[in-house]
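Novice:
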Amino acid sequence: MIHGGLTTDDFTGAVTTPIYQTSTYLQDDIGDLRQEYEYSRTANPTRASLESVIADLEHGKHGFAFGSGMAAISAVIMLLDEGDRLILNSDVYGGTYRALTKVFTRFGIDVDFVDTTHIENIEKYIRPETKMLYIETPSNPLLRVTDIKASAELAHKHGLISVVDNTFMTPYYQNPLDFGIDIVLHSATKYIGGRSDVVAGLVATANVDLGAQFAFISNSTGGVLGPQDSYLLIRGIKTLGLRMEQINRNVEGIVQMLQKQPKVQQVFHPSIKEHMNHTIHQNQAIGHTGVGSFEVKDTEAAKQVIHATKYFTLAESLGAVESLISIPVLTTHASIQSGVRAKEGITDGLIRLSIGIEDTEDLVNDLEQALNTLK
Ligand SMILES: *Cc1c(COP(=O)(O)O)cnc(C)c1O
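To convert, note that position 24 of the sequence shown is 26 in the numbering used here; the numbers rise steadily by one, no gaps.
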């Protein structure tokens, strides 16, 4: 995190990565480039530095930076051809669901949404046209866990490209490529940037052929990240470990308090022993996400808790230094019919937290006093 990428600048000796705010590069003679840089859609030194850091952190060989998590995901889907199908976990990120069902289906790419928490479910959906298995673990907002190693093995057996959206875990706590996954991606808008000030996406792979395909797709379709935002992510990554450690201390305190609270019906977090696939999670990750959720009686009670908190900001997104709070049925999952939502376990009184790096006691006390306002 601290020493990855092009750390010192060869030209000036600058200790931090400079922001190369340039679109093009001088040629000493026709076609005679100083270095490999020719045009910044193809490659830019600041972005290249970031791309080498994410490749390192995810134990891959090739990294790519995009203008948003969705641009990164779109580049991954562009590996497929017309007529191909892919399998995703049924509770995939809403933006991914929308892009696949409303955009990519128009180009003849079809999807199967599957409950991947039971690995044996997946195989039933694999057809000759299926070319990709794409999972998010843990998922949103109930933190359901899918077995990464078993998914990679299944994908290899059937010749599918395997993809993990690792946004919730960060490379600090979970490295899917180590389990044989082909591609790992991030919404770097979340923990990687970590300060609610950048929208960005990252992809990493250890596969040379996939690396060449991403370089081609990225240059051809152009969803690349600019040098300023690349710099902000490099800066963000330097504190990723420190932030995740503090987030984990806060998670522990908050989960303990919530489990003892009589007003709380259920708590969802992979750190809890009784949580779905807790053991699988422990085997594939060495720490925890700061995202968790819990249930109170109904939406009115959830609203009351949110209004009564002082340190939890009411906002979408996750993974930043400041703690955020939201009600999934009113925000991220509002467009899903209430019957379908209930079947998925997303109840009206569900509150989602993204726990930040504030002082543990401040957060625990604040949430506890907010819960105590409930009758
Ligand atoms: C936010 C998010 C995305 C989309 O990323 P953007 O940077 O908002 O485009 C994808 N996957 C997950 C899990 C996310 O949380």
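Don't be surprised by glycine CBs; every beta carbon is placed ideally from N, CA and C.
(1) Would you mind sorting Phe106 into buried or exposed? The rule is 16 or more other CB atoms within 10 Å of its CB.
(2) Is it true that the CB of Ile194 sits closer than 8 Å to the CB of Leu204?
(3) If you follow the alpha helix (DSSP H) that Gln261 is in, where does it begin and where does it stop?
(4) Answer yes or no: the CB of Leu383 versus the heavy atoms of ligand 1, is any distance below 7 Å?
(5) Report whether the distance from the Cβ of Asn142 to the nearest heavy atom of ligand 1 is below 7 Å.
(6) Locate the beta strand (DSSP E) running through Asp379, then write down its first and last residues.
(7) Can you grab the Cα-Cα spacing for the pair Ala225 / Ala50, in whole Å?
(8) Let me know if Phe109 comes out buried or exposed under the rule of 16 or more other beta-carbons within 10 Å of its beta-carbon.
(9) Could you check how far apart the C-beta atoms of Thr334 and Pro143 are, in whole angstroms? I think they sit under 8 Å.
(10) Roughly how many whole angstroms lie between the Cα atoms of Thr176 and His283?
(11) Note down the Cα distance separating Met3 from Glu122, rounded to an integer number of angstroms.
(12) Report yes if the C-beta distance between Leu373 and Val307 is below 8 Å; otherwise report no.
(13) In this structure, does DSSP put Asp34 in helix, strand or coil?
(14) For the putative contact between Glu82 and Lys159, defined by C-beta atoms under 8 Å, what is the C-beta separation to the nearest angstrom?
(15) Under DSSP, the beta strand (DSSP E) around Met134 begins and ends at which residues?
Specialist: So, to answer that:
(1) buried
(2) yes
(3) Leu242 to Lys262
(4) It is not possible to answer for residue 383, since the shown part of the chain is limited to 3 through 377.
(5) yes
(6) No statement about residue 379 is possible, as the shown extent of the chain runs from 3 to 377 and does not include it.
(7) Per the sequence presented here, residue 225 reads as Gly, with Ala not at that position. So the two alpha carbons sit approximately 15 Å from each other.
(8) exposed
(9) 7 Å
(10) What sits at residue 176 in the sequence shown is Gln, not Thr. Each residue's alpha carbon lies about 10 Å from the other.
(11) 37 Å
(12) yes
(13) strand
(14) Checking the displayed sequence, the identity of residue 82 turns out to be Leu instead of Glu. That belief does not hold up - the Cβ atoms of Leu82 and Lys159 are roughly 19 Å apart, past 8 Å.
(15) Thr132 to Glu138
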